[in-house]
Amino acid sequence: MSLFSKMFGGGKGAKPPTTAEAIQKLRETEEMLIKKQEFLEKKIQDELKTAKQNGTKNKRVALGALKRKKRYEKQLQQIDGTLSTIEMQREALESANTNTNVLQTMGEAAKALKSAHQDMDVDKVHDMMDDIADQQDVAREISEAISNPVAFGQDVDEDDLMAELEELEQEALDERLLETGGTSADAAELPDVPTATPAVPAKKKAQEDDDMAELAAWAS
Numbered sequence: 000m001s002l003f004s005k006m007f008g009g010g011k012g013a014k015p016p017t018t019a020e021a022i023q024k025l026r027e028t029e030e031m032l033i034k035k036q037e038f039l040e041k042k043i044q045d046e047l048k049t050a051k052q053n054g055t056k057n058k059r060v061a062l063g064a065l066k067r068k069k070r071y072e073k074q075l076q077q078i079d080g081t082l083s084t085i086e087m088q089r090e091a092l093e094s095a096n097t098n099t100n101v102l103q104t105m106g107e108a109a110k111a112l113k114s115a116h117q118d119m120d121v122d123k124v125h126d127m128m129d130d131i132a133d134q135q136d137v138a139r140e141i142s143e144a145i146s147n148p149v150a151f152g153q154d155v156d157e158d159d160l161m162a163e164l165e166e167l168e169q170e171a172l173d174e175r176l177l178e179t180g181g182t183s184a185d186a187a188e189l190p191d192v193p194t195a196t197p198a199v200p201a202k203k204k205a206q207e208d209d210d211m212a213e214l215a216a217w218a219s
């Protein structure tokens, strides 16, 4: 039985895990391997420190530390490869899970759309739309007929009305001229007629009195 079969509980006759379950198990495995990485990195640093401390004092201990460091580094390299494989597999499962959810949603939407259209007939829809268009045409014709002023005898020529209005204005102007005895221009130019008696100079009046007295004496 392979490692992945053991990890996911696979086997003959066993029910395969769902994508969500497989993704969860892969994440748990990733976490475990990352902890293993951190442990190996610490061991490598410890062995390297031991080798440095005993490089000149005890070469046997230093060589043993370097050998263990090499083994840890090899294990660390293997874990790096395993993590890359698991990460790619997890991403593929997550993408497949997303696609599955999308397809499931689209399938449910298609069923709902089919259910909504099952009682609809395309020919009936076209007939209904034609009826609506016909009724809109009828309503428009009725509105035009109601708003047409011809039915109320208002089909009057605008030119005739303007000519009649000009005649009325001319008649009114003629009547005003007759009342004033001239044209409007003449009435504006003539001065006002004086109403007071012109004053006679005092010297001229005295002369007239003397003449009248002389005439009266001669007549007597």
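Mind the numbering: the sequence shown is residues 0 to 219 in numbering that gives the first Met the number 0, read in order.
The beta carbon of each residue, even a glycine, is placed where N, CA and C say it ideally should be.
C-alpha distance - H125 paired with T97, whole-angstrom precision: 40 Å
Contact the region 20-35 vs the region 82-89: 3+ CB pairs below 8 Å: yes
Reduced DSSP category for M119 - H, G, I as helix; E, B as strand; rest coil: M119: coil per DSSP, three-state reduction.
Which listed residue (Q169, T17, S83, I145) has its alpha carbon closest to that of L92: T17
7 Å Cβ shell around L74 - same chain, five flanking residues per side excluded: Note on identity: in this sequence residue 74 is Gln, with Leu being the wrong assignment. So the list reads L39, once near-sequence residues are dropped.
Simplified DSSP assignment, three categories, for K56: coil
For I78 and L47, believed in contact at Cβ under 8 Å, the rounded distance: L47 to I78, Cβ: 18 Å. No contact.
Simplified DSSP assignment, three categories, for A13: coil
Residues of its chain near E43, where Cβ-Cβ distance is below 8 Å and the 5 sequence neighbours each way are ignored: For the record, residue 43 in the displayed sequence is Ile; it is not Glu. Cβ neighbours of I43 beyond the five flanking positions: K68, Y71, E72, L75.
Coil, strand or helix - D173 by DSSP: Under the three-state reduction of DSSP output, D173 falls in the helix class.
As assigned by DSSP and simplified to three states, the class of D156: Of the three classes helix, strand and coil, the one that applies to D156 here is coil, per DSSP.
E178 versus E163: straight-line alpha-carbon distance, rounded: 23 Å
Outcome for A111 when other beta-carbon atoms lying within 10 angstroms are tallied against a minimum of 16: exposed
Spatial neighbours of P15 in its chain, beta-carbon cut-off 6 Å, leaving aside the 5 residues before and after: The answer is none, since no qualifying residue turns up.
Beta-carbon contacts of A19 that lie in its chain and below 8 Å, excluding the five residues immediately before and after: N96
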